[in-house]
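Structure, as structure tokens:
2 protein chains.
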Amino acid sequence: MAAQTQYEELARQLSAIGAVKRELSRALPQDCPPASAVVLMLLDRYGQMRMSKLAELMTIDTSVTSRHVAHVEARGWIDRRPDPLDGRSRLLRLSTRGETLLAQVTARYTEALATHLSDWSDDDVGRLNELLARLRASFDEPRSRDCAARPAGSTARTPAHT
Amino acid sequence: MAAQTQYEELARQLSAIGAVKRELSRALPQDCPPASAVVLMLLDRYGQMRMSKLAELMTIDTSVTSRHVAHVEARGWIDRRPDPLDGRSRLLRLSTRGETLLAQVTARYTEALATHLSDWSDDDVGRLNELLARLRASFDEPRSRDCAARPAGSTARTPAHT
DNA sequence: TATTGTTATACTCTATAACTATA
DNA sequence: TATAGTTATAGAGTATAACAATA
Chain A
4 MAAQTQYEEL ARQLSAIGAV KRELSRALPQ DCPPASAVVL MLLDRYGQMR MSKLAELMTI
64 DTSVTSRHVA HVEARGWIDR RPDPLDGRSR LLRLSTRGET LLAQVTARYT EALATHLSDW
124 SDDDVGRLNE LLARLRASFD EPRSRDCAAR PAGSTARTPA HT
Chain B
4 MAAQTQYEEL ARQLSAIGAV KRELSRALPQ DCPPASAVVL MLLDRYGQMR MSKLAELMTI
64 DTSVTSRHVA HVEARGWIDR RPDPLDGRSR LLRLSTRGET LLAQVTARYT EALATHLSDW
124 SDDDVGRLNE LLARLRASFD EPRSRDCAAR PAGSTARTPA HT
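Okay, here's the thing in structure tokens:
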């Protein structure tokens with residue numbers, strides 16, 4: 004349990020981190036907004052998957068995911084195949100062009116980070132990564148009252164109407 | 004200098020931290036979007052200031068800042084006094100109602116953090132704060148080529164047309 | 001002529017709700 | 001009836017450019 008002051012400071016740091024993300028996103032190609040880059044990165048890391056799985060990994064609604072996927076598909080960066088197990092669903096998969104773009108995106112991204120973080124030690128970057136991962140995990144767990152209603156692992160999506 | 008893999012991981016963590024910010028922002032009152040809360044927090048922490056200074060602290064364009072300030076002023080959370088030193092400018096100052104709201108916002112924010120981070124040690128929260136502050140600082144410094152054109156301390160704003 | 005701030009316009013990201021198609 | 005995904009609509013945040021008022 005940390006002190007109140009530290010929580011306030013963390014809230015401030017989190018709200019200010021957007022500037023770093025904006026700066027980083029300038030390294031992206033013109034036609035590839037940050038969300039598209041994330042889609043490609045996740046399909047590369049976890050392999051082919053369905054919309055609902057992608058939405059869960061991005062922690063956004065399926066409606067939003069649907070638009071991001073449409074964007075990258077329209078540019079030929081991913082393929083959509085029918086899911087043999089479920090006719091309502093299709094499997095998303097990185098295309099060859101998508102792999103090429105992702106390699107370029109990754110290169111620019113890491114170059115930008117290397118430029119700005121040249122005086123960071125390997126250990127410090129690693130520590131930051133660990134703490135950020137843990138922070139995300141702490142917010143994924145259903146600790147608070149409203150989260151308790153949604154069991155862990157369920158998909159973030161618009162609830163069916165009553 | 005850190006490894007390429009770590010940079011990729013950091014890029015991933017940063018893109019995913021938005022979910023934490025969204026979850027936190029649900030603790031805010033209905034009429035107070037995150038940006039408004041930041042305005043109040045900064046005026047409380049640094050005292051009265053001008054638009055340009057606020058834009059610099061938020062690392063956003065003055066045009067955006069102008070809209071955030073208009074929002075909080077319309078709700079009586081800040082005052083705008085003429086700047087005795089410059090007729091073009093006005094000084095922004097937290098109002099009594101703004102102080103009251105900020106106290107409420109801070110309480111809810113820290114409560115939400117305390118709920119989710121109950122198993123975090125004081126030291127770990129402190130470490131995360133330090134690393135995030137350092138990350139921001141690393142991106143504020145004019146290291147890369149395009150940043151070099153804008154001297155440190157200059158205001159982020161739309162350049163005068165040519 | 002330069003600077004401070006405002007407004008108009010456009011783009012990205014997100015959520016809620018209503019809808020289609022399939023299970 | 002329930003689930004997978006799409007689309008319509010709305011709201012928050014941001015940037016660029018054009019502008020008004022003052023220095």
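Line by line, the protein sequences give chains A and B.
Count the first sequence with the working numbering and you get residues 4 to 165, in order.
Count the second sequence with the working numbering and you get residues 4 to 165, in order.
Even glycine gets a Cβ: it sits at the ideal position worked out from N, Cα and C.
The structure presented is a predicted model; accordingly, all values stated were derived computationally and were not measured.
Item: Any residues in the region 57-87 of chain B with a beta carbon nearer than 7 Å to a beta carbon of chain A? Which ones, in chain order?; Value: Thr-62
Item: Can you pull the chain B residues whose beta carbon is under 7 Å from the beta carbon of A:Gln-7, in chain order?; Value: Thr-113
Item: Does A:Trp-36 have its Cβ less than 9 Å from a Cβ in chain B?; Value: Residue identity check: residue 36 of chain A is Pro in the sequence provided, not Trp. A:Pro-36 does not count as touching chain B.
Item: Does DSSP put B:Leu-94 in a helix, in a strand, or in coil?; Value: strand
Item: Going by DSSP in three states, B:Arg-25 sits in which element: helix, strand or coil?; Value: helix
Item: With a Cβ-Cβ cutoff of 9 Å, do B:Glu-133 and A:Thr-109 count as a contact?; Value: no
Item: Report, in whole angstroms, the separation of the C-beta atoms of B:Ile-20 and A:Ile-20, which I expect to be a contact under 8 Å.; Value: 6 Å
Item: Does A:Leu-17 get closer than 9 Å to chain B when you measure Cβ to Cβ?; Value: yes
Item: DSSP three-state label for B:Arg-78, please.; Value: coil
Item: Tell me A:Pro-85's beta-bridge partners as DSSP assigns them.; Value: A:Arg-93
Item: Are B:Thr-65 and B:Met-52 touching if we call contact CB-CB under 9 Å?; Value: no
Item: How do the region 112-127 of chain A and the region 81-88 of chain A stand: do at least 3 beta-carbon pairs fall below 8 Å, yes or no?; Value: no
Item: Got a sec: does the ligand NAD put a non-hydrogen atom nearer than 8 Å to the Cβ of A:Cys-35?; Value: The ligand NAD is absent from the structure shown, which contains no ligands of any kind.
Item: Could you pull out every residue in the same chain whose Cβ sits closer than 6 Å to the Cβ of A:Leu-61, ignoring the five residues on either side in sequence?; Value: Looking at the sequence provided, one finds Met at residue 61 of chain A rather than Leu. Excluding sequence neighbours, A:Met-61 sits near nothing in its chain.
Item: One question on the structure: do B:Leu-105 and B:Ala-38 come within less than 9 Å of each other, judged by their Cβ atoms?; Value: no
Item: Are B:Leu-131 and A:Leu-46 touching if we call contact CB-CB under 9 Å?; Value: no
Item: Within 10 angstroms of its Cβ, does B:Met-44 collect 16 or more other Cβ (buried), or is it exposed?; Value: buried
Item: Pick out whichever of A:Tyr-112, A:Glu-144, A:Glu-102 has its Cα sitting closest to the Cα of B:Arg-15.; Value: A:Tyr-112
Item: Mind pulling the chain B residues with CB within less than 9 Å of A:Ser-141?; Value: Val-23, His-119, Leu-120, Ser-121, Asp-122, Trp-123
Item: Closest to B:Ile-81 by CA distance: which of B:His-119, B:Ala-5, B:Gly-101 is it?; Value: B:Gly-101
Item: Hey, does B:Pro-127 have any beta-carbon neighbour from chain A nearer than 9 Å?; Value: In the sequence as presented, Pro is not what sits at residue 127 of chain B; that position holds Asp. Output row for B:Asp-127: interface = yes.
Item: Just reading off the alpha helix (DSSP H) that A:Gly-129 is part of, what are its end residues?; Value: 125-143
Item: Going by DSSP, what residue range makes up the alpha helix (DSSP H) through A:Pro-37?; Value: 37-49
Item: Looking only at its own chain, which residues have a Cβ that is under 8 Å from the Cβ of B:Glu-114, when we skip the five neighbours before and after it?; Value: Ala-30
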